[in-house]
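> Mapping of the sequence shown onto full-length UniProt numbering: position 179 corresponds to residue 179, and the numbering continues sequentially without gaps.
Even for Gly, the Cβ is constructed at its ideal location relative to N, Cα and C.
Structure provided below as structure tokens; questions to follow.
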Amino acid sequence: MSGLRERWRLKAMRAIQERALDLFDERGFAAVTIEEVAAAAEVSPSSVYRIFGTKEGIVVTDIEFDAMSPEALAGIFDPADPVGSLVQAVRAYEAPQGDGPPGDGPQAGKGPWRRVRYFFAEPSVRMAVCATLDRAGQRLTPVIAERGGVNETQARVIANALAFGYFAALEQWYLDGGERPIAAYVEDGLRPLRGVLDTSSHQ
């Protein structure tokens, strides 16, 4: 895909996701149709279906991660410190957005909170998140296997421990009302796994 087409696609994805969240926040997730999202984003419904697949897909898609090439992913992921790599990635994700907890402050409704709360408030979105995490684990597995000094089974277990460990930490962040940065929850939650997931100790 050419650079121009890719930039257009990413711009369209962000616009669709933002307009969808506007509608979900205003009327509730269940009450909004993809056709209404498309109209708000000034694209065709077929474009929304082609890019995201489902209404749940609009919410759960991590635009930056999903657009990342295998080479770019390998460049930011250190198999020798998988937990540290994940924490750094979460910090980079949060940095431009802020924590966005609920309430009356200036950040109310902004940042990760706005999208992530649907992961846990809507059962169908939660199921879609789990499928997305499974795909993320599949993408991480070869990176860990090739550069981390572990066999394929170990790499797969490490990748899924990271993906679903992140999800568990994210849920605790949500349950606590987004009081602290997500990265703090991920770092704290995965701390017991650091030694276990240290790929340099696996042969």
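For K55, count neighbouring C-beta atoms within 10 Å of its own C-beta (all shown protein chains included) and say buried if the count is 16 or more, exposed if not.
So K55 counts as buried.
> Using the rule of at least 16 other Cβ atoms within 10 Å of the residue's Cβ for burial, across every protein chain shown, is E122 buried or exposed?
Under this definition E122 is a buried residue.
> Under 6 angstroms Cβ to Cβ from F77, same chain only, skipping five residues before and after it: list those, please.
So the qualifying residues of the chain are S85 and V143.
> Entirely within the region 143-181 and at least 4 residues each: give me those alpha helix (DSSP H) ranges in chain order.
Segments of the alpha helix (DSSP H) lying fully in the region 143-181: 152-175.
> Quick one: what does DSSP say D81 is sitting in, helix, strand or coil?
Coil at D81, not helix or strand.
> Taking the beta carbon of W8 as the centre, do at least 16 other beta carbons fall within 10 Å, making it buried, or is it exposed?
Exposed.
> Would DSSP call A40 helix, strand or coil?
Helix.
> One question on the structure: do R194 and V116 come within less than 7 angstroms of each other, judged by their Cβ atoms?
No, the pair does not count as a contact, with Cβ atoms beyond the cut-off.
> Where do the N-terminal and C-terminal ends of the alpha helix (DSSP H) with V196 fall, by residue?
First-last of the alpha helix (DSSP H) with V196: R194 to L197.
> Between the C-alpha atoms of N151 and V157, what's the straight-line distance to the nearest angstrom?
Spanning the two alpha carbons is a distance of roughly 10 angstroms.
> Quick one: residues in its chain with C-beta nearer than 7 angstroms to the C-beta of P106, no 5 flanking neighbours on either side, listed in chain order?
Its pLDDT being 33, under 50, P106 is placed unreliably by the model, and the measurement read from it follows with that caveat. So the list is empty, once near-sequence residues are dropped.
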